[in-house]
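First residue of the sequence shown? That's 17 in the working numbering, and the numbers climb one at a time after it.
Written out below as structure tokens is the structure these notes cover.
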Amino acid sequence: MGLCWRQAGPGGSGYFWTYGQQDLYMLKIHDFYFHEDQLLEFCWPESLSVTWYESISGEEFSPCRRLVSGCVKSFIGGREPYRALIHRRVPIVSIGIEITPAYYQDYLRRQFPEEFQSLLESFQSLDQTDHFPEMVRLLKEVRDYRGEGLAAKLFYDGKVAEAVALVVERHRAHPAPRRTLTQEDERMLADVAAYITAHCADRLPLERLARIGCMGVSKLKDAFHTRYGCTITQYIQGQRMERAEQLLASTDLPVGQIAQIVGYQNPSRFAQLFRRSTGQSPAAFRAFSHPREAE
């Protein structure tokens, strides 16, 4: 059921599977990697999507934030171009559901005209999260299903509707507060982010970061999350993991030493966070980054 193909070339290699129902929705399962870091920039067609990344490593821009394994992301297509840097030789393993305007503007809008706007707000407020177990469970069911014929069509139709319902229910239960940032806030937050990047291996008390940003601790935490889509702790960990990836790929330093360089005294804790970030252990990441040496 659906289309499955393997693609291999100088840029990368992997498997892709898609299933679409007329012009209403598309299910996508990807398992591939790039040989070198890839800067992606493209205009996404008008659509709403939700995707679980079982494995990935990279950074998105506007806002700049790390793409990490285990996250669930929504995306609203048809707006500004999408830009991201995807790191080399980290598998991109993802399961996603994309619905088209024919599904949400025509079908759903006719069925639920008074709640249509909340649908768009629901996808926008989801953004990126590492805690949406109901959606992860649903997307795993899509990945593992092996039905055919009418049964498969009904199954996939149901899962698409269920995924939309989960996004809407999550927004209803946890509405995202509306926040706006001044130009001065944006500038100060950029200073804080730059300081974190330069000193991510150090201990970074919130009080120090608040002084750099010229704002109170509470305002800093809220404003930082609004600007970068993650907590300060998550941002620090992301910078540490990016540095660790570089060291694992370009040096022969022991994993324990790399852990200390990027700010972790406990190698086991570092390995746990690294696996959570990339979907791989440090040793597996190094072996995959050096395929010839690994052979």
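No residue lacks a Cβ here, since even glycine has one placed at the ideal position from N, Cα and C.
Your pair G74 and H51 does not check out as a contact, with CB atoms roughly 14 angstroms apart and the cut at 8 angstroms.
For a cut-off of 8 angstroms, the C-beta gap from F240 to L205 is around 6 angstroms, short enough to register as a contact. DSSP, read as helix, strand or coil, puts S284 in helix. For the pair of segments examined, the segment 49-66 was found to touch the segment 82-93: the number of CB pairs separated by less than 8 angstroms reaches three.
A distance below 8 angstroms between beta-carbons, with the five flanking residues on each side excluded, links P26 to the following residues of its chain, in chain order: H51. Per DSSP, I248 is one residue of the alpha helix (DSSP H) stretching across 248-266. In the three-state reduction of the DSSP assignment, A217 falls in the coil class. Using a C-beta cut-off of 8 angstroms, the segment 213-225 makes no contact with the segment 179-198, since fewer than three inter-stretch Cβ pairs fall below that distance. The C-alpha of Y31 lies about 20 angstroms from the C-alpha of V84.
For D47, the secondary structure class from DSSP, reduced to helix, strand or coil, is strand. Judged by DSSP in its simplified three-state form, S90 adopts strand.
Of all alpha-carbon atoms in K44, D39, F48, L43, the one lying nearest the alpha-carbon of G28 is that of F48.
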